[in-house]
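Residues are numbered in this note's numbering as their position in the sequence shown, beginning at 1, plus a constant of 19.
Idealized CB from N, CA, C, for every residue including glycine.
For reference, the structure discussed in these notes is given below.
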Amino acid sequence: MHFHPLATAILAFSVVGAAHAEAPGADAAARALARDALIVDTHIDAPGMLLDTWADLGEAAPDREFDYPRARAGGLDVAFMSIYTSAGQDAAGTAREIAHRQIDAVEALTARHPDRFAILRSPRDVESLRVAADGTPRVLLPLGMENAGPIEEDLSLLRLFFDRGVRYITLAHSAANRVADSSYAAERRWNGLSPFGREVIAEMNRLGIMVDVSHVSDAAAEQAIALSTVPVIASHSAFRHFTPDFERNISDEIALAIAEKGGVVQVPFGTAFVDPRAAANTQAYFRAIGEFDARNAERKAAGQPLEDRAAFNAAWDAAHPKLETPLESVLVQIDHGVQLLGIDHVGIGSDFDGVGGELATGLRDVSDFPNLIAGLQARGYSDTDIRKILGGNLLRVWAEIEAGAAR
Ligand SMILES: [Zn+2]
Numbered sequence: 020m021h022f023h024p025l026a027t028a029i030l031a032f033s034v035v036g037a038a039h040a041e042a043p044g045a046d047a048a049a050r051a052l053a054r055d056a057l058i059v060d061t062h063i064d065a066p067g068m069l070l071d072t073w074a075d076l077g078e079a080a081p082d083r084e085f086d087y088p089r090a091r092a093g094g095l096d097v098a099f100m101s102i103y104t105s106a107g108q109d110a111a112g113t114a115r116e117i118a119h120r121q122i123d124a125v126e127a128l129t130a131r132h133p134d135r136f137a138i139l140r141s142p143r144d145v146e147s148l149r150v151a152a153d154g155t156p157r158v159l160l161p162l163g164m165e166n167a168g169p170i171e172e173d174l175s176l177l178r179l180f181f182d183r184g185v186r187y188i189t190l191a192h193s194a195a196n197r198v199a200d201s202s203y204a205a206e207r208r209w210n211g212l213s214p215f216g217r218e219v220i221a222e223m224n225r226l227g228i229m230v231d232v233s234h235v236s237d238a239a240a241e242q243a244i245a246l247s248t249v250p251v252i253a254s255h256s257a258f259r260h261f262t263p264d265f266e267r268n269i270s271d272e273i274a275l276a277i278a279e280k281g282g283v284v285q286v287p288f289g290t291a292f293v294d295p296r297a298a299a300n301t302q303a304y305f306r307a308i309g310e311f312d313a314r315n316a317e318r319k320a321a322g323q324p325l326e327d328r329a330a331f332n333a334a335w336d337a338a339h340p341k342l343e344t345p346l347e348s349v350l351v352q353i354d355h356g357v358q359l360l361g362i363d364h365v366g367i368g369s370d371f372d373g374v375g376g377e378l379a380t381g382l383r384d385v386s387d388f389p390n391l392i393a394g395l396q397a398r399g400y401s402d403t404d405i406r407k408i409l410g411g412n413l414l415r416v417w418a419e420i421e422a423g424a425a426r
C-alpha cells in the first residue's frame, strides 16, 4: 500500500478497461518464460481491498489487480499478500484487529478455493504446494505485514502473527511507530529504530521473519541492516537515484548495504515511485495526510468530530491528475539495480491493488508479467538472469533467513 485506500477503490474502476489496450504485446518467448519461471511478487495489497469491498479473488474480479485467472494468465506463482495497516489505524488502536481480519480474509480465500490457493509459510513448500492434487496450478499466498503497528509493544504478538503466517514485516509505513521512523513523516521520533524495534528485529531473526526496510527512514534502514544477523529485504522500493530527494525510494548506499548482506531490493511498478514527477506528488501527499491524521488524532483525544479523510483524498486527487508512465521506467529501475548490486540482488514487488491504479503502462495487473519479461529480453537479459529477478533471488534470500532462524 502506498496511496490512500479510499481513493484506491474508486480509481481502480476507471483504469481496468484501458489496461490491456495500452500494453505492448508480449511475444511467445516471454509468455513461455512467464509460465515456466517461478514468479514471486512481494507486494500485493489485495487483503486490505477485501475488507473495504468483498470479492471472490478465486474467480475473475475485474475491479481488482489481483485475481486467480489473471495471476495464472500472467504466470504468477507466489503472491505476497500485504497485511497493511495505516499509521492512523495504529494511532486509533485498531491495527491489530484489522491485521487479524485481513489474515482471516486470506484464509477464507484459501478455504474457498483449496485447489487454487494455499498460504505459503516456507520457501521449502513451494514445490509441494504449487500444484493441487487434481493438477490445478495454485497461486501461493505468503503473508507480509506492512507496518509493525499490529504487534503493538508485545513480542508475543509478533510470535502470534508469525504463527498465522506473516513472513516479512515492513517496520513502519507513513509515520513513526513503536518500532521505527518512516521516510514519509517529518517526525523522527527515534532517529532510526526504537529500543523496542531492536528487540523486534532480534526476535524476527530468531523466528525467521524477513526484515523489510521499504518505507522506513534511512537511519532506520541502516540500523536494521546492521543489526540483523541475516539478509534483509526491501519488499517494494524503487531507486532514489532517479528521484534524488525522495527518501521513500532506496538510496544506492543502502541498497548496496542490503546486497552486501545477501539481501534483495524488490522493484515496484507504481508510477509514484518509478516516475520522478509522480514521486514529488507522493512525497507531498504523505506529508499532507500525515498532518491530517495528526489533526484527527488530536480531535479524537479531545472528543471532537473527525475531519473527513475521503473528502481530503478526493480533493488531493482532483489537484494531482494521474500521469502516464511507460513500462520503460520500470525496466530502467531494474537495470540500475542490476548494474549497482549485481543480478542476484534485484526482484519485483509490484504494489498491485495498493496504488489506486497508478501503475506503469503495460504493468496494470497480475496478468502483465509477460510484458515485463519481454522488456527484459529486449534489453538483452538472459532467461537465467530473468528467472533470478522474477523470483529466484527472493526465494534464495527467504531460505537464508529461514536457515538463520534454525541456527
Ligand atoms: Zn507500501
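Inter-residue Cα distance where the pair is residue i and residue j
| i | j | result |
| --- | --- | --- |
| Leu-359 | Tyr-304 | 30 angstroms |
| Ile-138 | Pro-161 | 5 angstroms |
| Ser-270 | Lys-341 | 25 angstroms |
| Glu-78 | Val-230 | 32 angstroms |
| Ala-238 | Ser-213 | 11 angstroms |
| Ser-202 | His-62 | 18 angstroms |
| Thr-129 | Asp-60 | 18 angstroms |
| Ala-245 | Ala-253 | 14 angstroms |
| Arg-306 | Arg-91 | 38 angstroms |
| Glu-206 | Ala-194 | 8 angstroms |
| Phe-331 | Ala-337 | 10 angstroms |
| Ala-298 | Leu-350 | 17 angstroms |
| Arg-54 | Pro-88 | 13 angstroms |
| Gly-411 | Ile-367 | 11 angstroms |
| Phe-258 | Ile-408 | 15 angstroms |
| Gly-184 | Glu-126 | 10 angstroms |
| Pro-81 | Ser-233 | 28 angstroms |
| Thr-290 | Glu-343 | 8 angstroms |
| Ile-220 | Ala-243 | 7 angstroms |
| Gln-396 | Gln-352 | 15 angstroms |
| Gln-121 | Arg-131 | 15 angstroms |
| Asn-268 | Asn-196 | 19 angstroms |
| Arg-426 | Arg-398 | 41 angstroms |
| Ala-48 | Ile-58 | 15 angstroms |
| Val-357 | Tyr-400 | 10 angstroms |
| Leu-148 | Val-286 | 26 angstroms |
Close Cβ partners of residue i (< 7 angstroms) along its chain, the five nearest in sequence each way excluded
| i | result |
| --- | --- |
| Ala-65 | Leu-76, Arg-83, Phe-85, Met-100, Asp-372 |
| Leu-52 | Ile-392, Asp-402, Ile-405 |
| Thr-248 | Asn-224, Gly-423 |
| Tyr-103 | Met-20, Asp-64, Gly-67, Glu-165, Asn-166 |
| Glu-266 | Ser-202, Ser-236, Asp-237 |
| Gly-394 | Leu-346, Leu-350 |
| His-260 | Asp-271, His-355 |
Cut-off 8 angstroms between Cβ atoms - residues of its own chain near residue i, not counting five sequence neighbours on either side
| i | result |
| --- | --- |
| Pro-133 | Ala-151 |
| Glu-241 | Gly-211, Ile-273, Ala-276 |
| Ile-315 | The residue asked about is misnamed: residue 315 is Asn in this sequence, not Ile. Closer than 8 angstroms at the Cβ level, and outside the excluded window around Asn-315, lie Gly-107, Leu-325, Glu-326, Arg-328. |
| Gly-361 | Ala-278 |
| Pro-142 | Leu-414, Trp-417, Ala-418, Glu-421 |
Burial state of residue i, where buried means 16 or more other Cβ atoms lie within 10 Å
| i | result |
| --- | --- |
| Arg-318 | exposed |
| Glu-377 | buried |
| Gly-94 | buried |
| Trp-73 | exposed |
| Glu-165 | buried |
| Glu-146 | exposed |
| Gly-375 | buried |
| Arg-50 | buried |
| Asp-294 | buried |
| Gly-227 | buried |
| Gln-323 | exposed |
Beta carbon of residue i nearer than 9 angstroms to that of residue j
| i | j | result |
| --- | --- | --- |
| Phe-288 | Ser-256 | no |
| Glu-218 | Leu-174 | yes |
| Val-235 | Gly-282 | no |
| Pro-169 | Phe-180 | yes |
| Ala-98 | Leu-159 | yes |
| Phe-136 | Glu-172 | no |
| Asp-264 | Ala-110 | no |
| Ala-204 | Gly-309 | yes |
| Val-284 | Val-365 | yes |
| Gly-154 | Thr-189 | no |
| Asn-390 | Ala-118 | no |
| Leu-186 | Arg-140 | According to the sequence shown, residue 186 is Arg rather than Leu. Their beta carbons are under 9 angstroms apart, which means Arg-186 touches Arg-140 by this criterion. |
Residues of its chain near residue i, where Cβ-Cβ distance is below 6 angstroms and the 5 sequence neighbours each way are ignored
| i | result |
| --- | --- |
| Trp-209 | Asp-200 |
| His-339 | Asn-300 |
| Ala-56 | Arg-406, Leu-409 |
9 angstroms Cβ cutoff, residue i in contact with chain C
| i | result |
| --- | --- |
| Arg-426 | Absent from the structure is chain C; it holds one protein chain and no more. |
- Query: What are the uninterrupted segments assigned as alpha helix (DSSP H) that are 4 or more residues long and contained completely in the stretch 387 to 419, given in chain order?
  - Reply: 388 to 397, 402 to 406
- Message: Going residue by residue through the stretch 204 to 266, where are the continuous beta strand (DSSP E) segments of at least 3 residues, counting only ones entirely within it?
- Response: 229 to 231
- Length at least 3, wholly inside the stretch 65 to 117: the beta strand (DSSP E) runs in chain order: 95 to 103
- Minimum length 3: unbroken beta strand (DSSP E) runs contained in the stretch 352 to 392: 365 to 367
- Message: Please give me, in chain order, every unbroken run of the alpha helix (DSSP H) with length at least 4 that falls completely inside the stretch 107 to 168.
- Response: 114 to 131, 145 to 148
- Item | 3-residue-minimum beta strand (DSSP E) runs that sit fully inside the stretch 261 to 297, ordered along the chain | 283 to 286
- Item | alpha helix (DSSP H) runs contained entirely in the stretch 307 to 359, provided each spans 4 or more residues | 328 to 338
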